[in-house]
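All remarks here apply to the structure that follows.
In my numbering, the protein residues as written are 6 to 102.
What follows is the structure, encoded as structure tokens:
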């Protein structure tokens, strides 16, 4: 119980000094900025996904994490369909400071 009381007293002292308030304000601004950017990215992603068929000029898109076999393309050609392959690469960059 003494440890909790000591911790609360130290917290109150730090709060009165003002530095803790500045830290809390900076943390709030950082969270708000990251949330705003996250919402912006999700809206742009949704808009791109909605317009993907126009960009691809396709009626149907078949996707897979693995390359599709030639059997799919042969079947599409047999049915008189035009098919193409596209590859996308996801790249992550981590900066260590």
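We put the CB at the ideal spot given by N, CA and C, even for glycine.
Distance CB(residue i)-CB(residue j) smaller than 7 Å
{"i": "residue 19", "j": "residue 25", "result": "yes"}
Ordered list of alpha helix (DSSP H) runs contained in the stretch 52-92, each at least 4 residues: 57-61, 75-83
Alpha helix (DSSP H) runs contained entirely in the stretch 7-49, provided each spans 4 or more residues: 7-22
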